[in-house]
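If you're matching positions, the sequence shown starts at 61 in this note's numbering and goes up one per residue.
Just so it is clear, CB atoms sit at the ideal spot from N, CA and C, and this is done for glycine as well.
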Amino acid sequence: MKGLTPLLAPYSLETFLAQYWGQQGLKLEAPDRTRFQHLFGWAQLNELLNYHDKPHPHFRLASDKKVLDASANDDFLKHCRNGATLIIDGVHKKIPAIAELASAVQYELGLGHSAQVNAYCSWSGKQGFDRHYDTHEVFILQIEGSKEWFVFDDTVGHPLAGSQTLPEQAPQGEPYIHTTLEPGDLLHIPRGHWHYALAQQEPSIHLTLGVRCHTGVDLVDWLKQELQQEPAWRQNLPPGTTELDSATLARYVDELAERLKARLASPTLSSEYADYLASQQSPFCNYSVPYQVGFGLDQIGPETVFNRPRYQRTFVTFLPEQGKHKIRCGRSEIKLKGVPRTFLDSVLGSDRFSGQDAWNWLPDYDWASEVQPLLAYLVREGVIAIERLGVSPSSDGAPAQALASQASQE
61 MKGLTPLLAP YSLETFLAQY WGQQGLKLEA PDRTRFQHLF GWAQLNELLN
111 YHDKPHPHFR LASDKKVLDA SANDDFLKHC RNGATLIIDG VHKKIPAIAE
161 LASAVQYELG LGHSAQVNAY CSWSGKQGFD RHYDTHEVFI LQIEGSKEWF
211 VFDDTVGHPL AGSQTLPEQA PQGEPYIHTT LEPGDLLHIP RGHWHYALAQ
261 QEPSIHLTLG VRCHTGVDLV DWLKQELQQE PAWRQNLPPG TTELDSATLA
311 RYVDELAERL KARLASPTLS SEYADYLASQ QSPFCNYSVP YQVGFGLDQI
361 GPETVFNRPR YQRTFVTFLP EQGKHKIRCG RSEIKLKGVP RTFLDSVLGS
411 DRFSGQDAWN WLPDYDWASE VQPLLAYLVR EGVIAIERLG VSPSSDGAPA
461 QALASQASQE
């Protein structure tokens with residue numbers, strides 16, 4: 061299962077985003093009742109309960125429309141027997157199949173979207189949470205049992221997390237969605253739409269896939285951090301302002317307004333912000349040790365098979381003043397000098413390739429002193445990964461040492 065596209069049938073992703081995303085709730089009945097079973101179930105839940113810590117509030121209980129305090133975790137089974145809902149946050153960081161789903165979703169939606177997945181286990185007939193809304197887009201994936209859902213219109217358009225000025229008045233009237241989810245069903249609840257749920261007679265497990273979307277407020281927050289690098293924005297306000305129409309303060313504000321206007325008019329503003337967004341988004345399964353620590357890289361040979369990390373968006377920018385290519389790969393940023401753009405395009409455009417392929421893309425380069433260290437550097441920085449290690453024609457460790465020297469000079 062990869063991303064939202066297979067979840068949304070019979071709708072295409074484009075149709076869903078145009079007609080429902082952030083606007084209207086939608087229930088999709090399962091074409092296959094078992095389609096979510098590879099993601100989560102009783103076995104995975106018991107594994108989390110048996111082998112993972114249970115820190116509050118990431119592991120918590122809800123009963124009678126409120127979240128119980130941390131002490132309830134000490135005897136969570138007793139509270140579950142009394143009907144409390146069990147919530148485990150961040151299962152996308154604990155279950156590989158869910159990590160892949162979350163990574164695929166945020167990759168599919170593009171920059172400025174981050175996904176997380178929480179698990180909910182409810183028992184018969186009790187309401188865990190009161191009617192509420194979330195400040196992110198929500199997808200409910202029903203795994204086990206059934207659950208009755210009530211979804212109401214929003215009362216505040218596009219609410220933000222932590223906002224202190226928006227009204228909390230719940231909507232009046234009937235829900236526009238009243239439905240029961242069975243295993244394999246999916247329910248989309250837009251940000252700000254009020255909802256609550258009730259388990260039926262049998263126990264229920266569902267996953268909540270939440271997608272946080274950057275907004276214009278996030279753009280302003282980023283710009284604030286950027287402006288702090290300029291001394292003019294860090295200067296004290298002028299002293300002596302005692303009137304609302306102070307001429308001194310007005311001059312100060314006008315000067316900053318002109319600076320801000322010029323910054324907003326910069327032709328590179330959008331690309332700078334996009335680069336920042338790219339630095340904030342990485343897949344949840346992207347580590348490959350011992351290679352990324354630097355061990356075993358001297359064993360890279362023409363027979364070595366490499367792959368590109370799945371759901372890793374990579375951008376290449378040429379910096380003419382430095383004569384280097386900048387590679388943005390999630391949170392990693394590297395700069396390479398003297399490497400042809402055609403080579404980078406071949407590497408980044410291939411799902412899998414061998415060391416021999418890379419050598420063919422650099423026909424005028426020496427394997428031991430140039431090609432192997434370059435590939436090792438890209439592995440260490442997470443741009444590519446080793447799928448199967450081959451034997452280098454020269455494995456005396458010199459290339460890895462050359463790599464360390466090269467990286468320190470960048």
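> Under 8 Å between the Cβ atoms of W254 and Y193?
Replying inline: In this structure, Y193 lies closer than 8 Å to W254 by Cβ.
> When the Cα atoms are used, what is the spatial distance from Y180 to V376?
Replying inline: Spanning the two alpha carbons is a distance of roughly 41 Å.
> Going by beta carbon distance, what residues of the same chain come within less than 6 Å of A164, once the five residues before and after it are set aside?
Replying inline: Closer than 6 Å at the Cβ level, and outside the excluded window around A164, lie K62, G63, Y371.
> For the beta strand (DSSP E) that F212 lies in, which residues bound it at each end?
Replying inline: Counting along the chain, F212 sits inside the beta strand (DSSP E) bounded by residues 207-214.
> Are there 16 or more other CB atoms within 10 angstroms of the CB of K207, so buried, or fewer, so exposed?
Replying inline: Classification for K207: buried.
>> Is the separation between the beta-carbon of G222 and that of L337 shorter than 8 Å?
In response: L337 is positioned such that its CB atom lies no closer than 8 Å to that of G222.
> Does DSSP put F76 in a helix, in a strand, or in coil?
Replying inline: DSSP, reduced to helix, strand and coil, places F76 within a helical segment of the structure shown.
>> Excluding the 5 residues flanking E441 on each side, which residues of the same chain have their C-beta closer than 6 Å to its C-beta?
In response: The residues are S392, I394.
> Per DSSP, what kind of secondary structure is T94 in: helix, strand or coil?
Replying inline: Here T94 sits in coil by DSSP.
> For the segment 325-379, which segments carrying the alpha helix (DSSP H) assignment without a break, of at least 4 residues, lie completely within its bounds, in sequence order?
Replying inline: The segment 325-379 contains these whole alpha helix (DSSP H) runs: 329-339.
>> Using only the alpha-carbon positions, how far apart do P299 and C273 sit?
In response: One C-alpha to the other measures close to 40 Å.
> Roughly how many angstroms separate the alpha carbons of A175 and G82, rounded to a whole number?
Replying inline: Linking A175 to G82 through their CA atoms gives a straight-line distance of about 15 Å.
> Could you give the C-beta distance for Q202 and P235, rounded to a whole number, given that I count them as a contact under 8 Å?
Replying inline: Between Q202 and P235 a beta carbon distance of about 18 Å is seen, past the 8 Å cut, so the two are scored as non-contacting.
> Which full runs of the beta strand (DSSP E) of 3+ residues lie inside the segment 96-135, going along the chain?
Replying inline: Complete beta strand (DSSP E) runs here, min 3: 119-123.
>> Residues in the same chain with beta-carbon distance under 6 Å from T65, minus the five sequence neighbours each way, listed in chain order, please.
In response: Answer for T65: L73, listed in chain order.
>> Contact defined as beta carbons within less than 8 Å: I believe V271 pairs with H218. What is the distance between those atoms, to the nearest angstrom?
In response: Not quite, the Cβ-Cβ distance comes to about 14 Å (not below 8 Å), so this is no contact.
> Shortest alpha-carbon distance to N367 belongs to which of F355, A445, H152, R319?
Replying inline: With distances taken between Cα atoms, N367 lies closest to A445.
> So, are the CB atoms of L247 and K87 less than 8 Å apart?
Replying inline: Going by C-beta atoms, L247 is nearer than 8 Å to K87.
> To which residues of the same chain is D149 closer than 7 Å at the C-beta, ignoring the five residues directly before and after it?
Replying inline: Excluding positions up to five away in sequence, the list reads H118, N178.
> Taking the alpha helix (DSSP H) that H428 falls in, what are its first and last residues?
Replying inline: Residue identity check: residue 428 is Ala in the sequence provided, not His. It is not in any alpha helix (DSSP H) - A428 carries neither H nor E in the DSSP assignment.
> Measuring CA to CA, which of L320, Y71, W183 is closest to T145?
Replying inline: The residue among L320, Y71, W183 with its C-alpha nearest the C-alpha of T145 is W183.
> Around the Cβ of Q79, are there at least 16 other Cβ atoms within 10 angstroms (buried) or fewer (exposed)?
Replying inline: The residue in question, Q79, is exposed, as its Cβ has fewer than 16 Cβ neighbours within 10 Å.
> How far does the beta strand (DSSP E) with F199 in it reach, from first residue to last?
Replying inline: According to the DSSP assignment, F199 belongs to the beta strand (DSSP E) that extends over 197-204.
> Straight-line CA distance for L267 to L68?
Replying inline: Looking at the two C-alpha atoms, the distance is approximately 16 Å.
> Is E363 near S414, with beta carbons less than 8 Å apart?
Replying inline: Yes, these two residues count as a Cβ contact at 8 Å.
>> Given this structure, state the Cα-to-Cα distance separating S326 from Q285, to the nearest angstrom.
In response: In a straight line, the C-alpha of S326 is about 16 Å away from that of Q285.
>> Could you tell me which whole alpha helix (DSSP H) segments of length 4 or greater appear in the segment 135-177?
In response: For the alpha helix (DSSP H) assignment, the uninterrupted runs of no fewer than 4 residues enclosed by the segment 135-177 are, from N- to C-terminal side, 136-141, 156-169.
>> Using C-beta distances below 7 Å, list every residue in its chain close to D405, excluding the 5 sequence neighbours before and after it, in chain order.
In response: No residues qualify anywhere along the chain.
> Can you tell me where the beta strand (DSSP E) with R294 in it begins and where it stops?
Replying inline: Premise fails: R294 lies in the alpha helix (DSSP H), 291-294, not in any beta strand (DSSP E).
>> I'd like to check one pair, G143 with K114: are the Cβ atoms closer than 8 Å?
In response: No.
>> Quick check: what's the CA-CA separation for R401 versus E447?
In response: Roughly 24 Å between the two C-alpha positions.
>> Looking at the secondary structure, which residues open and close the beta strand (DSSP E) in which V271 lies?
In response: DSSP places V271 in the uninterrupted beta strand (DSSP E) bounded by 264-273.
>> Assess contact between the segment 153-167 and the segment 95-102, defined as three or more Cβ pairs (one per stretch) separated by less than 8 Å. Is contact present?
In response: The segment 153-167, when compared against the segment 95-102, does touch it at the 8 Å Cβ threshold.
>> Just to confirm before moving on: does the CB-CB distance between W419 and V431 stay below 8 Å?
In response: Between W419 and V431, the C-beta gap is smaller than 8 Å, which places the two residues in contact.
>> Suppose the cutoff is 7 Å on Cβ atoms and the five residues either side in sequence are ignored; what does the same chain contact list for D213 look like?
In response: Counting only Cβ-Cβ distances below 7 Å, and skipping sequence neighbours, we find P231, Y236, H253.
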